[in-house]
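Peer 1:
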Amino acid sequence: MSDLQAFHEIMSDGRAMAFWSTPPHVDETQTQEWLAAMVGIQPSDGEDFVIEHEGLTIGKAGFYRFPEIGFILHPICWGRGLATEALSAVIVRAFVQHKLPAIEADVDPRNTAALGLLTRLGVHEIGRQAAAWQVGGEWCDSVYLRLTADRWNRSSLPHPGVS
């Protein structure tokens with residue numbers, strides 16, 4: 001299966017896309033355009049990484065635009081610690097390689113799994129906004145979260161690859 005096919009399987013899945021910033025993709029052309037935008041990010045603007053597990057493409061994690069972190073994972077891989085592993089590495093890169101002063105996230109408050117994951121990684125809520133996004137004709141709220149480099153450096157959170 002190609003990355004395009006794998007990502008289309010994810011991006012067309014209503015469960016994976018339930019809290020995404022767009023409705024599920026209806027054809028591979030949408031996914032191809034999304035993938036091209038992800039791959040075409042200028043290094044100074046952001047970076048996204050394909051998440052692979054057992055040789056299969058199962059999602060992505062990274063920064064479409066610095067400093068906002070984002071991720072999506074195929075639902076068959078939920079609850080196995082794979083997103084935690086991927087985001088931990090992305091956070092290390094943000095602070096160690098890119099020297100970002102902070103990372104941020106914008107999460108639909110109904111996405112309790114993502115909020116829990118980010119909280120476990122030290123990202124904390126800094127605000128909320130009602131009707132922040134319109135996705136497929138539905139207004140969605142946002143929870144804004146942040147983790148500063150200082151807070152991350154002082155934390156007991158894993159710092160993989162940092163000695």
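For what it's worth, UniProt numbering labels the leading residue of the sequence shown as 1, then goes sequentially.
Glycine included, every Cβ here is placed at the ideal spot set by N, Cα and C.
If contacts are defined as beta-carbon pairs under 8 Å, then Ile51 and Leu4 qualify, I think. What distance do you get, rounded to the angstrom?
Peer 2: Position 51 of the sequence shown, counted from the first residue, corresponds to residue 51. Position 4 of the sequence shown, counted from the first residue, corresponds to residue 4. Not really, about 15 Å apart at Cβ, beyond 8 Å.
Peer 1: If you check the beta carbons only, do Gln129 and Ser142 fall under 8 Å apart?
Peer 2: Position 129 of the sequence shown, counting from 1, holds the residue named residue 129. Position 142 of the sequence shown, counting from 1, holds the residue named residue 142. Closer than 8 Å, so yes.
Peer 1: Relative to the alpha-carbon of Tyr144, which residue among Gly62, Cys77, Ile69, Leu35 has its alpha-carbon at the smallest distance?
Peer 2: By 1-based counting over the sequence shown, the position of residue 144 is 144. Closest by alpha carbon: Ile69.
Peer 1: Out of Ser44, His8, Asp13, which has the shortest C-alpha to C-alpha gap to Glu33?
Peer 2: By one-based count along the sequence shown, residue 33 stands at place 33. When only C-alpha atoms are compared, the closest one is His8.
Peer 1: Which of helix, strand or coil does DSSP assign to Thr22?
Peer 2: One-based indexing of the sequence shown puts residue 22 at position 22. Three-state result, Thr22: coil.
Peer 1: Just the Cα atoms here: how many angstroms apart are Phe63 and Glu47?
Peer 2: Looking up residue 63 in the sequence shown gives position 63. Looking up residue 47 in the sequence shown gives position 47. Each residue's alpha carbon lies about 5 Å from the other.
Peer 1: Taking 8 Å as the threshold (C-beta atoms), are Leu100 and Phe66 in contact?
Peer 2: Counting from one through the sequence shown, the residue named residue 66 turns up at place 66. Counting from one through the sequence shown, the residue named residue 100 turns up at place 100. In this structure, Leu100 lies closer than 8 Å to Phe66 by Cβ.
Peer 1: For Ser163 and Ile72, I'd like the C-alpha separation in whole angstroms.
Peer 2: For the purposes of this step, residue 163 is taken as the residue at position 163 of the sequence shown. For the purposes of this step, residue 72 is taken as the residue at position 72 of the sequence shown. With a pLDDT of 46 at Ser163, under the threshold of 50, the modelled position of this residue cannot be trusted; read the value that follows with caution. The alpha-carbon atoms of Ser163 and Ile72 are separated by roughly 29 Å.
Peer 1: Are there 16 or more other CB atoms within 10 angstroms of the CB of Ala18, so buried, or fewer, so exposed?
Peer 2: Your numbering for residue 18 matches position 18 in the sequence shown. With fewer than 16 other beta carbons inside 10 angstroms of its own, Ala18 counts as exposed.
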